[in-house]
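Accompanying notes for the structure given below.
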Amino acid sequence: MRARAASDDSYFLGEGPVWDAVRQRLLWVDVEAGDVHFGALDVSTGLIRHTDRISFEESTGAVAVAEAGDLLVAERGSLTHVHLDGTRTHLARVLPEGRPGRLNDGAVDPAGRFLVGSLGGDREVLVRYENGACTTIDDDLTLSNGLAWSPDGGRFYSVDTMTSTVFVRDYPDGPRRQLFTVADGYPDGLCVDSAGDLWLAVWGGSRVEHRSPIGDLLGIVEVNAPHTSSVAFAGPDLDVLVITTATQHLSASDQEAYPDSGRLFTARVGATGLPTPYWNPVL
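As numbered in the working numbering, residues 13 to 295 make up the sequence shown, in order.
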């Protein structure tokens, strides 16, 4: 299978696509630019039209949506609630002031709680925001990345990029174990479809891997951009796979060879996704 370039604009570090079913909109971030973007998906063509953007002073590692439309944004070291009127409320500091690195990929669990990981320090963390505070899940990662749950919510998948490892555990508190490792590139963002299969973006690999729940490789979606960063199923029927990419760390010759780098891509892969859980602001 091959994905097609779907956006007019290119992003330095496009990441974290999220489908908001209530408002039929796509959200994603351009991490180092500090932007959260909004777009409309044309399901007949697979093209994505940019509709809006909100900006932050520092990085935006991830965005989540509440059912009412409020946003939770993972800024460089803290979590921010963006209300419907545009006002912003600080929720929690995740990383200590002055600590190197930043928050990275995040996702909402089946109960409506937000999980987010970090990168850029010595020992990276994965935390869950609940009851106004953060509970540490992992504190020994190299670069915390993609997060996803099985259709029944009982299995939790997470990525440690620099060890090329995808982990699985019973959720919420089962022991972590290695599910598989990736060769030729680094595992990045991932999602799970309605059959329980995994779809994993491979940074440096120009592809998305389709894996079974036990980690067997079932197929490949080729992407004409070396740095595929994350994936999500979108559209009214959740049957369009949206893929974010990046120009970060590409040389001038790389960008010339892959001019679509940094754009959003889409593909119809014969699978349907799971509804994205909404963040519950009262948890």
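Even glycine gets a Cβ: it sits at the ideal position worked out from N, Cα and C. On a predicted model such as this, the values are computed, not experimentally measured, just so you know.
Same chain, Cβ closer than 7 Å to residue i, five either side skipped, listed in chain order
i	result
Glu-142	Arg-125, Leu-295
Pro-184	none
Arg-105	Gly-89, Ser-90
Pro-293	Ala-78, Asp-82, His-93
Gly-186	none
Ala-145	Ala-104
Ser-263	none
Own chain partners of residue i with C-beta closer than 6 Å, once the 5 adjacent residues on each side are dropped
i	result
Leu-138	Gly-129, Ile-149, Asp-150, Ser-156
Arg-14	Glu-234
Ala-237	Thr-257, Tyr-270, Asp-272, Ser-273
Ser-218	Val-235, Pro-238
Arg-188	Phe-179, Arg-181
Own chain residues within Cβ distance below 8 Å of residue i, not counting five before or after
i	result
His-62	Ser-19, Asp-20, Asp-21, His-49, Phe-50, Gly-51
Gly-247	Trp-31, Leu-53, Val-55
Gly-287	Per the sequence shown, the amino acid found at residue 287 is Pro instead of Gly. Answer for Pro-287: Ala-33, Leu-250, listed in chain order.
Beta-ladder partner(s) of residue i, from DSSP
i	result
Thr-72	Its beta-bridge partners do not exist; DSSP assigns none.
Phe-245	Leu-253
Pro-199	Val-214
Gly-26	Asp-42
Coarse secondary structure for residue i, derived from DSSP in three states
i	result
Glu-87	coil
Glu-109	coil
Glu-142	strand
Ser-265	helix
Thr-57	coil
Thr-173	helix
Phe-277	strand
Gln-36	coil
Gln-260	coil
Ile-7	This structure does not reach residue 7, given that the chain is present from 13 up to 295, and the question cannot be answered.
Ala-207	coil
Gly-285	strand
Asn-157	strand
Leu-295	coil
Backbone CA spacing between residue i and residue j [nearest angstrom]
i	j	result
Tyr-290	Gly-58	24 Å
Leu-115	Pro-199	17 Å
Val-34	Phe-277	22 Å
Phe-68	Asp-47	6 Å
Val-75	Asp-205	20 Å
Gln-190	Gly-201	16 Å
Gly-253	Arg-280	According to the sequence as given, residue 253 is Leu; it is not Gly. Rounded to whole angstroms, Leu-253 to Arg-280 spans 6 Å at the Cα level.
Thr-193	Val-171	10 Å
Val-180	Arg-167	7 Å
Ala-123	Leu-159	14 Å
Asp-251	Asp-134	39 Å
Arg-111	Asp-249	42 Å
Leu-25	Ser-71	10 Å
Trp-211	His-102	33 Å
Val-178	Asp-117	14 Å
Ala-213	Ile-60	19 Å
Tyr-169	Arg-16	27 Å
Gly-285	Ser-265	36 Å
Glu-87	Leu-229	34 Å
Ala-207	Arg-65	33 Å
Arg-100	Tyr-23	25 Å
Phe-8	Cys-203	Absent from the structure is residue 8, since the part of the chain shown begins at 13 and ends at 295.
Next item on the list: Kindly confirm or deny that the segment 221-231 and the segment 255-271 touch, where touching means at least three C-beta pairs closer than 8 Å.
Entry: Cβ pair count under 8 Å is below three, so no.
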